[in-house]
Structure formats: structure tokens, C-alpha cells
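Asks:
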């Protein structure tokens with residue numbers, strides 16, 4: 418009897434599995450981050466428009482799980498694989514297996530450090546850091562103490578966002594970076610680390626998060642500590658919550674890197690590959706600095 | 080010693096019957112799940128995918144077999160995922176430093192056994208609940224992996240090392256063969272040796288086992304060493320598979336592993352459980368993950384569906 422129940426349950430899932438059409442597998446690092454959710458929505462939007470089926474598998478930030486999922490997508494015989502790697506090194510064995518199976522691979526946001534990839538779509542993370550620094554310097558009039566919340570240690574995006582920010586800030590000798598700690602791109606950790614930073618730095622004018630999630634964590638802790646008014650908080654990614662925070666005056670600026678557009682373009686590239694056309698090896702998605710003025 | 084062996088002997092026949100029935104139930108459930116996925120996806124019931132599943136399950140299974148020893152004896156080991164991570168780092172670092180695979184494997188397995196030994200000693204001699212000891216170790220081992228690597232993965236390992244986790248012998252994945260070997264070994268130890276009988280008796284009633292002059296202390300400590308060793312092997316396979324030691328590897332592994340063991344019919348209060356049950360439990364979880372990926376179930380739904388299927392499996396087994 419219970420077995421019947423099980424069958425009914427699973428048969429219900431059939432509804433989610435479309436048939437026919439060309440299939441694109443999208444192995445995404447984590448859907449617990451609105452940035453990647455927006456990416457997924459962009460992919461779904463474009464896939465529907467082009468009459469493609471998009472299968473999205475969420476690795477929940479685990480490279481092992483992503484390995485298995487890519488494996489499953491290969492067995493599922495998807496026509497093109499779009500991978501947003503959890504880790505650029507760990508993904509290599511998966512890309513090699515896809516290559517061996519003859520399935521074209523596109524990577525988004527994080528590159529693969531090996532194997533054959535038809536197209537990589539990225540933003541220039543250094544430029545993102547640079548734009549964030551320009552906004553920060555402008556808000557602080559070139560003078561003040563700043564703390565940094567870093568992304569996942571070792572992630573190329575975090576390294577570039579750090580470098581771009583520091584390089585640009587070098588032009589403003591009046592601004593001092595007092596501490597730079599990792600909060601792993603997570604809002605919760607961003608809040609916790611900011612609490613400690615605020616404890617340890619009674620005087621602080623700015624906080625830069627390598628992404629909006631951490632910057633929004635910083636906002637929570639700054640409000641709790643009653644210091645939101647003295648702080649200029651800048652993030653990257655332009656997720657909805659960050660835009661709302663900018664409207665509310667809690668955050669000063671963010672850098673829009675248009676994940677929706679990025680994934681739309683990845684799906685377009687997949688379509689081109691399916692039609693046998695050549696695609697560019699590297700596509701850089703343009704960036705935009707967003708402050709309150711842009712939102713009005 | 081006599082009375083307890085006698086007691087174990089008479090209850091054994093009954094226990095076997097009950098266990099077998101429980102496992103038959105689980106086999107049926109697994110079969111139903113597999114038939115369902117076969118209907119839903121043409122890619123599911125292919126030799127390629129079935130071998131793929133055995134590879135995907137191998138790591139969970141190996142660590143779950145270690146966990147079976149610990150749960151059988153009435154303890155728990157929450158540190159398995161962290162041990163896997165720190166061992167992966169240790170193996171990768173020694174492989175890069177020495178260039179010797181043997182040396183690297185010994186270093187990794189040795190570290191895993193050593194951490195397991197510490198877990199066992201603290202639990203037994205420190206008289207602290209293993210839940211707390213291994214919870215602390217979960218943090219310590221994870222932290223050690225992060226500090227050691229500064230949070231960055233240890234990559235660019237020699238590609239020959241990838242054979243263990245990602246290679247094939249003919250069409251059979253190497254990690255499947257390793258898992259099968261571990262399974263047979265554990266099966267023999269638990270069913271054909273004193274070690275197995277004692278482990279079970281201690282889990283069923285520690286005081287009675289002590290009165291029967293069983294070296295309770297030794298077997299309890301050994302269970303943690305076995306678990307540490309199996310976690311180490313799991314960590315080595317993860318590292319080999321990704322050709323990269325991730326300090327964050329194996330996060331949440333303990334939950335999947337404990338679920339597999341309990342699904343397999345083991346009791347968290349000790350004394351009850353088999354490695355065959357653990358194998359089935361690990362297969363159920365692995366097949367659900369794989370099948371839903373093939374069918375293309377939306378990833379948010381997957382976690383709900385997996386939870387529901389596990390609940391149904393456990394409930395169905397109860398009422399059998």
C-alpha cells in the first residue's frame with residue numbers, strides 16, 4: 418500500500434520533467450544566494466523563449482555534490498552543460514568527463530581551471546572592486562577607516578574584488594583599511610564578523626563587502642549596534658535586498674553585474690553551439706555602479 | 080561469559096529473522112524506487128547509470144560502514160565529515176611534498192585512525208558522551224583543515240591520484256571496488272568474528288557485557304578508530320575524485336551517513352544493525368539523489384521529496 422503511495426508521489430514528479438526539445442543542464446553552485454537564483458531565472462526565461470529545456474541542479478556549495486550532479490547530467494545526455502563551478506579546481510574532473518562524453522561546456526561566473534570550455538561568461542571582478550572603491554572614496558571624501566568582508570578564501574572572484582578595491586583605494590592615502598576578514602559570501606557570517614569588527618573598532622567609517630549578502634549582514638549588525646548612520650556600506654551584485662537597502666539609506670552603493678543577463682547570454686551561447694555556430698571564448702558582462710541616485 | 084553467549088545465541092535466531100524481514104522490506108522499497116525512476120527516466124536503468132550510482136554511493140557507504148560499528152556499540156560519531164576534510168588535506172599535502180602515493184595514503188589513513196582514537200579515548204576514559212566528544216571534534220578537525228590550508232583548496236595533484244576516486248577498472252569504477260572490499264571485510268568482521276559479537280553485545284547491554292568479561296573499553300575505543308579510518312578513506316576518495324583537497328569537503332556528510340545507517344535498520348540505542356542494512360540504506364539515499372537529478376526534479380523540491388521518501392521508507396519498514 419505504501420508502495421502505491423510512493424509511486425503516486427513519484428508519478429507526480431513526472432509533471433516537472435518535460436520531454437522532447439533540446440536539453441541544457443545547469444549545474445549551479447548554490448541557490449541559497451539570490452544572485453544565483455536571479456541567474457537561474459535568467460536561464461529559465463531565455464530557455465523558454467528559445468524552446469529549450471533547462472535542468473537546474475543545485476550543488477549547495479559542495480564540490481562533491483556538484484561532481485555527482487554533473488555526472489548525472491552527463492548520463493541524462495543533456496545537449497549542453499552550463500556550469501557555475503563551486504570551485505575552479507575541483508570542477509576540472511567534471512569538465513574532463515563532459516569532454517569525454519562529447520558534451521559542450523559553458524562556464525559562468527567562475528572559470529574551470531582545466532578541460533575544454535566553449536565559452537566562459539564572467540564579469541571583471543577587479544573592475545567591480547574598483548567601482549566599489551570609487552563609491553566608497555566619494556562617500557568618505559577620501560578620508561576615513563574602512564573594514565572589508567572578504568568572500569570565500571581562494572575563490573578567484575574574492576581575490577579580484579579585493580585587489581581591484583585595494584588598488585583603487587591606493588589613490589586615496591586618507592583612507593585606511595583597518596581590517597579585512599572573511600565572511601564566506603554569507604549574510605549570516607557577514608553579520609557575525611561585522612559585530613566583532615564594530616567591537617574592535619570604535620571608530621569606523623566604511624565597510625566593503627565582496628558581495629551584497631555580506632554587506633547586508635553588516636547592515637544588520639550596524640543597525641543593532643546603533644552605528645548605521647556613521648557607516649558607508651558598499652557591496653557588489655545588486656541583489657534585490659541590497660537595492661532596497663540603498664533606497665532605505667542603509668547601504669550606500671552596490672555594483673550591478675546583471676546575473677539575469679549573464680545567464681540569458683549563456684543560454685543564447687548554448688543555442689548557438691547547438692546550431693553548430695562558433696562562440697567567443699570569453700564574454701565579459703558589463704558592470705554598473707548603483708547608488709541612490711540611480712534608483713530614483 | 081557463558082551465560083551471555085548463551086543468551087546471545089537464543090535471541091540471535093529470532094533477531095536474524097526479524098532483521099531479515101526488515102531488510103527484505105528495505106529491498107522492496109529500493110526496488111519500488113528504482114522501478115519508478117526507470118519509468119520516469121529512460122536514462123536511469125542503464126548499466127552506465129547503475130555503475131555511476133555505485134560510484135556516487137561508495138563514499139557515503141564506506142563512511143557509513145564505519146558509523147555502523149560506532150552505532151552498533153551504542154555511540155555516535157559526528158566528526159566523520161570533518162575527519163574526511165582534514166585527512167583529504169593531509170593526503171594532498173603529503174602527496175605534493177613526498178611524491179609518494181603510498182606515503183600519502185598512509186599519512187591520511189593514519190591521521191584518520193589517530194583522530195578516531197582520540198574520540199574513543201575521550202569518550203571512554205573521559206566519560207563524556209560521544210555526541211559531545213565528536214561534536215567538539217567536528218569543529219576541531221574542520222578548523223584544523225581550514226587553518227592548515229588558510230581556507231584554500233590544495234589543488235594540482237598528480238593526475239594518477241585521480242584513479243582512486245574517478246578511475247575505472249574496465250567498466251567498474253575503482254571507488255566501487257574499494258567500497259565493495261570494505262563492505263565484505265566489515266561483513267566478515269561483524270558476522271564471523273568475536274569482534275562482531277562483542278560489539279553487538281556491548282551495544283545491547285554494556286553492563287552485561289562487562290560482567291561477561293568482554294573487554295568493553297577496548298572494543299568501544301576500536302569502534303571510533305574504525306570510524307576514523309573509514310572517514311579517512313572517504314576523505315581520500317573525495318580528494319582523489321576532485322583532484323583537489325577542499326577544506327570544506329564533507330560538510331553535512333555525517334547526516335547522510337547516519338541516515339543511511341538508521342534507514343538500514345540500526346538502532347541509535349545500540350546493539351541492532353547490520354552492514355547489509357547500511358548498504359541498502361546508502362543505496363536508497365543515493366538512488367533518490369541520482370534519480371531526481373535524471374528526472375530533472377527542481378532542486379528545491381529535491382530536498383523535500385528526499386525527506387518524504389526517507390520518512391516513508393522508515394515508516395514502511397516499521398509496520399512490516
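Residue numbers (our numbering), protein chains in the order written: chain A, 418 to 713; chain B, 80 to 399. Just so you know, even glycine gets a beta-carbon here, dropped at the ideal spot from N, CA and C.
Following the continuous beta strand (DSSP E) through residue 626 (chain A), name the residue where it begins and the one where it ends.
Replies: By one-based count along the first chain, residue 626 (chain A) stands at place 209. Counting along the chain, the beta strand (DSSP E) containing residue 626 (chain A) begins and ends at 623-626.
Asks: Which residues of the segment 481-494 of chain A have a Cβ closer than 8 Å to any Cβ of chain D? Give them in chain order.
Replies: Looking at the structure shown, chain D is missing, and the protein chains on hand are A and B.
Asks: Determine, using beta-carbon pairs with one atom in the segment 249-264 of chain B and one in the segment 612-629 of chain A, whether at least three such pairs fall under 8 Å.
Replies: With the cut-off at 8 Å, the segment 249-264 of chain B and the segment 612-629 of chain A do not touch.
Asks: Residue 671 (chain A) touches chain B at which residues, Cβ-Cβ below 9 Å?
Replies: In the first chain, residue 671 (chain A) corresponds to position 254, counting from 1. Those do not exist, as residue 671 (chain A) stays about 25 Å from chain B at its closest Cβ, beyond 9 Å.
Asks: Quick one: what does DSSP say residue 562 (chain A) is sitting in, helix, strand or coil?
Replies: If you number the first chain from 1, residue 562 (chain A) lands on position 145. Reduced to three states, the DSSP call for residue 562 (chain A) is strand.
Asks: In chain order, what residues of the same chain have a beta carbon less than 7 Å from the beta carbon of residue 201 (chain B), not counting five sequence neighbours either side?
Replies: The residue you call residue 201 (chain B) lines up with position 122 of the second chain. Cβ within range, chain order: 207 and 212.
Asks: Going along the chain, which residues of its own chain have a beta-carbon closer than 8 Å to the beta-carbon of residue 345 (chain B), five neighbours each way excluded?
Replies: In the second chain, counting from the first residue as 1, residue 345 (chain B) sits at position 266. Answer for residue 345 (chain B): 147, 150, 151, 351, 352, 353, 356 and 357, listed in chain order.
Asks: Buried or exposed: residue 331 (chain B), going by 16 or more other Cβ atoms within 10 Å of its Cβ?
Replies: Reading the second chain from its first residue, position 252 is the one you call residue 331 (chain B). Exposed, since its Cβ has fewer than 16 Cβ neighbours within 10 Å.
Asks: Does any CB atom of chain B fall closer than 8 Å to the CB of residue 433 (chain A)?
Replies: The residue you call residue 433 (chain A) lines up with position 16 of the first chain. In this prediction, residue 433 (chain A) has a pLDDT of 46, which is less than 50 and means its spatial position is unreliable; what the coordinates show is noted afterwards. It does; some Cβ of chain B falls within 8 Å.
Asks: Between which two residues does the alpha helix (DSSP H) carrying residue 489 (chain A) extend?
Replies: In the first chain, counting from the first residue as 1, residue 489 (chain A) sits at position 72. Its alpha helix (DSSP H) spans residues 480-492.
Asks: Could you confirm whether any beta carbon from chain B is found closer than 8 Å to the beta carbon of residue 571 (chain A)?
Replies: For the purposes of this step, residue 571 (chain A) is identified with residue 154 of the first chain, where counting begins at 1. Output row for residue 571 (chain A): interface = yes.
Asks: Output, in chain order, the set of chain A residues within a Cβ distance shorter than 7 Å of residue 232 (chain B).
Replies: As a first step, residue 232 (chain B) is located in the second chain; it is residue number 153 there, counting from the start. Within 7 Å Cβ-Cβ: 504, 506, 507 and 571.
Asks: Comparing the C-beta of residue 279 (chain B) with each C-beta of chain A, is any distance below 8 Å?
Replies: The sequence position of residue 279 (chain B) within the second chain is 200, counting from 1. Answer no: the Cβ-Cβ gap between residue 279 (chain B) and chain A never drops below 8 Å.
Asks: Among A:698, A:692, A:685 and A:681, which one has its Cα closest to the Cα of residue 456 (chain A)?
Replies: As a first step, residue 456 (chain A) is located in the first chain; it is residue number 39 there, counting from the start. That would be A:681, whose Cα lies nearest to the Cα of residue 456 (chain A).
Asks: Checking 8 Å against the spacing of the C-beta atoms, do residue 470 (chain A) and residue 438 (chain A) come in under that value?
Replies: Start at 1 with the first residue of the first chain, and residue 470 (chain A) comes out as number 53. Start at 1 with the first residue of the first chain, and residue 438 (chain A) comes out as number 21. Yes, these two residues count as a Cβ contact at 8 Å.
Asks: Out of curiosity, what's the CA-to-CA distance linking residue 547 (chain A) and residue 490 (chain A)?
Replies: Mapped onto the first chain, residue 547 (chain A) falls at position 130. Mapped onto the first chain, residue 490 (chain A) falls at position 73. When rounded, the distance between both Cα atoms is 37 Å.
Asks: Have a look at residue 347 (chain B) and residue 155 (chain B) and give me their C-alpha separation to the nearest angstrom.
Replies: Working through the second chain from its first residue, we reach residue 347 (chain B) at position 268. Working through the second chain from its first residue, we reach residue 155 (chain B) at position 76. Their backbone Cα atoms lie some 8 Å apart in a straight line.
Asks: Three-state secondary structure (DSSP) at residue 442 (chain A)?
Replies: On the first chain, residue 442 (chain A) is found 25 positions in, with the first residue counted as 1. The answer is strand: DSSP assigns residue 442 (chain A) an E or B state.
Asks: Is the Cβ of residue 405 (chain A) closer than 8 Å to any Cβ of chain B?
Replies: One cannot answer for residue 405 (chain A) here, as it falls past the ends of chain A, which runs 418 to 713.
Asks: So, residue 602 (chain A) versus residue 581 (chain A), is the Cβ gap smaller than 8 Å?
Replies: For the purposes of this step, residue 602 (chain A) is taken as residue 185 along the first chain, with counting starting at 1. For the purposes of this step, residue 581 (chain A) is taken as residue 164 along the first chain, with counting starting at 1. Going by C-beta atoms, residue 602 (chain A) is not nearer than 8 Å to residue 581 (chain A).
Asks: Would you call residue 699 (chain A) buried or exposed, if buried means 16 or more other Cβ atoms sit within 10 Å of its Cβ?
Replies: For the purposes of this step, residue 699 (chain A) is taken as the residue at position 282 of the first chain. Label assigned to residue 699 (chain A): exposed.
Asks: I'd like to know if the segment 587-604 of chain A and the segment 561-577 of chain A are in contact, where contact means that at least 3 CB-CB pairs between them fall below 8 Å.
Replies: In short, these stretches touch, since the Cβ pair count reaches three.
Asks: Thinking just about the alpha-carbon of each residue, which of A:636, A:691, A:672 and A:685 is nearest to the one in residue 662 (chain A)?
Replies: By one-based count along the first chain, residue 662 (chain A) stands at place 245. It is A:636 whose Cα lies nearest to the Cα of residue 662 (chain A).
Asks: Compare the C-beta of residue 299 (chain B) with all C-beta atoms of chain A and state if any pair is closer than 8 Å.
Replies: Indexing the second chain from 1 puts residue 299 (chain B) at position 220. By this cut-off, residue 299 (chain B) is not an interface position.
Asks: Classify residue 705 (chain A) as helix, strand or coil using the three-state DSSP reduction.
Replies: As a working note, residue 705 (chain A) is residue 288 in the first chain. Residue 705 (chain A) falls in the strand class under three-state DSSP.
Asks: Please tell me whether residue 510 (chain A) has its Cβ less than 8 Å away from any Cβ of chain B.
Replies: One-based indexing of the first chain puts residue 510 (chain A) at position 93. Chain B contact via Cβ: present.
Asks: DSSP state of residue 694 (chain A), grouped into three classes?
Replies: Here residue 694 (chain A) corresponds to residue number 277 of the first chain, with the count starting at 1. Residue 694 (chain A): coil per DSSP, three-state reduction.
Asks: What's the C-alpha gap between residue 512 (chain A) and residue 638 (chain A)?
Replies: Position 95 of the first chain, counted from the first residue, corresponds to residue 512 (chain A). Position 221 of the first chain, counted from the first residue, corresponds to residue 638 (chain A). Their backbone Cα atoms lie some 40 Å apart in a straight line.
Asks: Specify, as a first and last residue, the run of the beta strand (DSSP E) that residue 673 (chain A) falls within.
Replies: Within the first chain, residue 673 (chain A) is the residue found at index 256, counting from 1. Element bounds for residue 673 (chain A): 670-673.
Asks: Quick check on the DSSP output: the beta strand (DSSP E) that includes residue 596 (chain A) runs from which residue to which?
Replies: On the first chain, position 179 is the one that residue 596 (chain A) refers to. Here the beta strand (DSSP E) through residue 596 (chain A) covers 592-599.
Asks: Name the residues in the segment 593-623 of chain A whose C-beta lies less than 9 Å from a C-beta of chain B; which are they?
Replies: Of all residues in the segment 593-623 of chain A, 599 and 601 have a Cβ within less than 9 Å of some Cβ in chain B.
Asks: Quick one: does residue 383 (chain B) have its CB under 8 Å from some CB of chain A?
Replies: Residue numbering aside, residue 383 (chain B) sits at position 304 when the second chain is read from its first letter. Not closer than 8 Å to any Cβ of chain A, the Cβ of residue 383 (chain B) fails to qualify, so no.
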